[in-house]
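Asks: These protein sequence lines map, in sequence, to chains A and W. Position in the first sequence (from 1) plus 267 gives the number in this note's numbering. Position in the second sequence (from 1) plus 267 gives the number in this note's numbering. Every residue, glycine too, gets a C-beta built ideally from N, C-alpha and C. The structure displayed is predicted, hence computed values, not measured ones. After the structure tokens below, expect a handful of questions from me.
There are 2 protein chains.
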Amino acid sequence: MISVLIVDDEPLIRGLIREHLEHEGYVCNEAGDGTAALSYLESNRADMIIMDIMMPFMDGMTCLREIRRRKIETPVIMLTARGEEYDRIAGLENGSDDYIVKPFSPRELVARVKVVLNRTMPKEENNEKMVFGGLVIDTASHTAHIDGKEVALTPKEFDLLVFLASNRGIAFSREKILQKVWNYDFFGEDRTVDTHVKMLRGHLGDYRDLIFTVWGVGYKFEPGQIG
Amino acid sequence: MISVLIVDDEPLIRGLIREHLEHEGYVCNEAGDGTAALSYLESNRADMIIMDIMMPFMDGMTCLREIRRRKIETPVIMLTARGEEYDRIAGLENGSDDYIVKPFSPRELVARVKVVLNRTMPKEENNEKMVFGGLVIDTASHTAHIDGKEVALTPKEFDLLVFLASNRGIAFSREKILQKVWNYDFFGEDRTVDTHVKMLRGHLGDYRDLIFTVWGVGYKFEPGQIG
DNA sequence: TTTTCTTTTGAAAAAGTTTTAAACAATTGT
DNA sequence: ACAATTGTTTAAAACTTTTTCAAAAGAAAA
């Protein structure tokens, strides 16, 4: 879960930004001015701050300076109106990671947020191959091989396999699987998992028993079962 | 390892530039004024110099002139404050490779450094020929041949092919491809990638299946697929 | 400038995937 | 053995993603 703090005095703009970021799966919080932002940050964490420069009480520049003085390293994207004291705004001096000139397209906003987050939150890429006897799962190429031959899995099947395989030996309830493999805001039926397990087992051929039904609980991946 | 010399009298600015360049994998050194820069260059090599114009003791212009007089060919990006129009022009005529008007965004800085380095440092990896059966991609001459016959690719098609081919086996999302193959500042549609993939496949003829659609994910280049 | 080629976009068609509901089978507890 | 509960299978409907196409916008060349 990636949380973004939106700091702007105009609720309309805040709403607009929130809408587009939430659409991309970010969790948003809002502050109406610099003071509010600072007090929010005292007791809350944020992965990213989007802040307008022109705000009452405490403007964005002052706020950003204060944030950095407090040794909060959260990346900040500043919003500036075209022609607005452009000079001081974009400067490196203030320690912002990027800036966006208003008016901006939602697409640009989202893209910049992603680029900055990519730069600041390098995720450990799990490019490891998982090997279970003749079953090889490669997350980089998004493929699974059985005894050297590629097996065609649908995206959900692959995700499900990767989830279970990377938590081998642990039994998960259908509900938990839905939460983890599907989005956390997916409100589907438990039977959905069953269906995908069936399909996956079908594709796994001789290795179908790697996915173990735990009665009254759910499913687990158990490498010991080969043979 | 690419080394950058940062010349500015303000330690804060130096630090911020350093931070962003180091994040991109460059190795940074600092000098507080022109004199220090020159004495550094006497005994050290640099692949790139970023220098402020306004500095005590020896200003950036004088320093740049002296650097070139000493036959040091290292590319130089000058930093100029807004309004120093004269200096900008003079700087370019005096042998600087680019200039950035302060204040600037980190994004702009990094992008310009990359552009200048690309222009001035021919990379070894770029002189490689990639061979996949009858498909030969030559990044040096910017050409692709199929079974000995040159195929006409548009610039974007070629870039896309090179990117995918040099990361063979790895599945990329359209978004990732846009970020990598298109500019830093391109905020286009995912469909754009699809269209270019289609065109590229069309041009690849019998080798069209080298570019593999990974359902629900994106595309990958898979050399194993040649019939 | 005009022409030509490349790039981008949006919309519709095609291909493929996911979900649901309902019928069926297996397991457990009494 | 029976009822209750839990898991499996099936197939069709709903949904997504990818491909294709055509036209508009943008660059580069003539």
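1. Candidates W:S408, W:F439, W:L428: which alpha carbon is nearest A:S408's?
2. Considering A:E442, what are the terminal residues of the alpha helix (DSSP H) in which it resides?
3. Since W:P373 contacts A:D364 with CB under 8 Å, what's their CB separation in whole angstroms?
4. Quick test of your reading: W:I404 and W:L428, contact by CB under 8 Å. State the CB separation rounded to the nearest angstrom.
5. So, is W:T406 buried or exposed, given that buried needs 16 or more other C-beta atoms within 10 angstroms?
6. Report the residue from A:G436, A:E456, A:N434 whose alpha carbon sits nearest the alpha carbon of A:E442.
7. Does any residue of chain A bring its CB to less than 7 Å from the CB of W:R285?
8. Return the CA-CA distance between W:V460 and A:N394, expressed in angstroms with no decimal places.
9. Kindly list, in the order they appear in chain W, the residues whose Cβ is closer than 8 Å to that of A:G362.
10. If you measure from the CB of W:T347, is any heavy atom of the ligand GDP nearer than 6 Å?
11. Counting only C-beta atoms, is W:A378 closer than 7 Å to chain A at any point?
12. Going residue by residue through the stretch 359-427 of chain W, where are the continuous alpha helix (DSSP H) segments of at least 4 residues, counting only ones entirely within it?
13. Following the continuous alpha helix (DSSP H) through W:L477, name the residue where it begins and the one where it ends.
14. Which residue's Cα is closest to the Cα of W:S306: W:F399, W:I334, W:E277?
15. Cβ closer than 9 Å: which chain W residues qualify as neighbours of A:Y366?
16. Taking the straight line between their C-alpha atoms, what separation do you get for W:I280 and W:K447?
17. For W:R462, does the three-state DSSP call read helix, strand or coil?
18. If contacts are defined as beta-carbon pairs under 8 Å, then W:P490 and W:F399 qualify, I think. What distance do you get, rounded to the angstrom?
19. Considering only their Cβ atoms, is the gap separating A:D319 from A:D275 smaller than 7 Å?
20. Please name the residue, chosen from W:L445, W:S433, W:L477, W:I269, that lies closest to W:M315 on a Cα-to-Cα basis.
21. Looking at the C-beta of W:I521, does it have a partner C-beta in chain A at a distance below 7 Å?
22. In terms of alpha-carbon separation, which member of A:R435, A:K338, A:F425 lies closest to A:R312?
23. Can you name the start and end residues of the alpha helix (DSSP H) that W:M321 belongs to?
24. What is the DSSP secondary structure of W:I269, counted as helix, strand or coil?
25. Looking at chain W, which residues of the stretch 386-418 of chain A have a Cβ within less than 7 Å of any of its Cβ atoms?
26. In whole angstroms, what separates the C-alpha of W:R355 from that of W:L331?
27. Should W:H216 and W:K423 be called a contact, given that it needs their Cβ atoms to be closer than 7 Å?
28. Does W:Y307 come out as helix, strand or coil in the three-state DSSP assignment?
29. Any beta carbon from chain A within less than 7 Å of W:F479's own beta carbon?
Replies: Let me lay it out:
1. W:F439
2. 441-448
3. 6 Å
4. Contact between W:I404 and W:L428 holds: their C-beta atoms lie close to 6 Å from each other, under 8 Å.
5. buried
6. A:E442 has its Cα closest to that of A:E456, out of A:G436, A:E456, A:N434.
7. Taking Cβ atoms only, chain A never reaches closer than 7 Å to W:R285, which makes this a no.
8. 24 Å
9. L283
10. Annotation note on the ligand GDP: not contained in the displayed structure, which lists no ligands.
11. no
12. 373-387
13. Segment: none, W:L477 is in no alpha helix (DSSP H) and carries neither H nor E.
14. W:I334
15. S372, R374
16. 28 Å
17. This sequence places Thr at residue 462 of chain W; Arg is not what is there. Note: W:T462 maps to helix in three-state DSSP.
18. 5 Å
19. yes
20. W:I269
21. Given that chain W is displayed from residue 268 to residue 494, the structure contains no residue 521 of chain W and the question cannot be resolved.
22. A:K338
23. No alpha helix (DSSP H) contains W:M321, which DSSP labels as neither H nor E.
24. coil
25. Within the stretch 386-418 of chain A, the qualifying residues are R386, A407, S408, H409.
26. Low per-residue confidence applies at W:R355: pLDDT is 49, beneath 50, and the placement is therefore not dependable, though the value from the model is reported in the following sentence. W:R355 and W:L331: Cα-Cα distance of roughly 13 Å.
27. Missing from the structure shown is residue 216 of chain W; chain W here goes from 268 to 494 and no further.
28. helix
29. no
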